[in-house]
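Peer 1: Input: one structure, supplied below.
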Amino acid sequence: MTLLRDFLYLNTLEILERTVKRELYEEVGIEIKDTVTFAYSSSFVTDDGRNVINMVFLCEYDSGTAHSKSPDEVEAVYWMTYEEIMNHPQAPPWTKESIRRVALARI
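Okay, so the sequence shown: first residue is 16 according to my numbering, each after it adds one.
Now the structure itself:
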């Protein structure tokens with residue numbers, strides 16, 4: 016049973032890593048390097064009652080010019096440092112928490 020769980024877990028992570036790469040390219044036009052590290056996940060319910068799973072990954076930029084390729088999904092793209100995000104007065108608390116956890120994943 017454990018082997019089966021480990022096998023399914025590895026396959027799931029591989030699928031998620033491919034999805035991260037694809038979504039970044041489709042939505043903001045950048046490609047990332049092959050290493051994609053899961054940082055953490057959380058869940059919440061939107062104002063209109065939809066359940067959402069928020070999954071955060073650490074990855075490294077490879078190529079492309081970041082822009083909103085999918086305006087219905089991405090309003091704008093900003094390149095910011097950790098300090099800029101954490102000190103930005105309009106950065107939502109959940110974004111700051113995601114950035115904080117990614118920083119911890121890098122250690």
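Think of the CB as a built atom: it goes at the ideal place given N, C-alpha and C, for glycine as much as any other residue. Small disclaimer: the values here were computed from a predicted structure and weren't measured.
If you pair each beta-carbon of the segment 75–92 with each one of the segment 108–121, do three or more pairs fall below 8 Å?
Peer 2: Judged by Cβ distances under 8 Å, the segment 75–92 makes no contact with the segment 108–121, as fewer than three pairs qualify.
Peer 1: Measuring alpha carbon to alpha carbon, tell me which of Val71, Thr34, Val43 ends up nearest Ala118.
Peer 2: Val71
Peer 1: With C-beta atoms as the reference, is Ile47 less than 8 Å away from Leu39?
Peer 2: yes
Peer 1: When you compare each of Ser78, Ser58, Glu99 to Asp49 by their alpha carbons, which one comes out closest?
Peer 2: Ser78
Peer 1: How is the beta strand (DSSP E) around Ala91 delimited, first residue to last?
Peer 2: From DSSP, Ala91 is part of no beta strand (DSSP E); its letter is neither H nor E.
Peer 1: What alpha helix (DSSP H) runs, 4 residues minimum, are completely inside the segment 42–103?
Peer 2: Positions of the alpha helix (DSSP H) runs, each at least 4 residues long and wholly inside the segment 42–103, are given as 97–102 in order along the chain.
Peer 1: Do you know whose CA, among Ile45, Val43, Arg33, lies nearest Val6's CA?
Peer 2: A query on residue 6 cannot be resolved here, the shown segment of the chain reaching from 16 to 122 and no further.
Peer 1: Count the other CB atoms, across all protein chains shown, that sit within 10 Å of the CB of Val35; report buried if there are 16 or more and exposed otherwise.
Peer 2: buried
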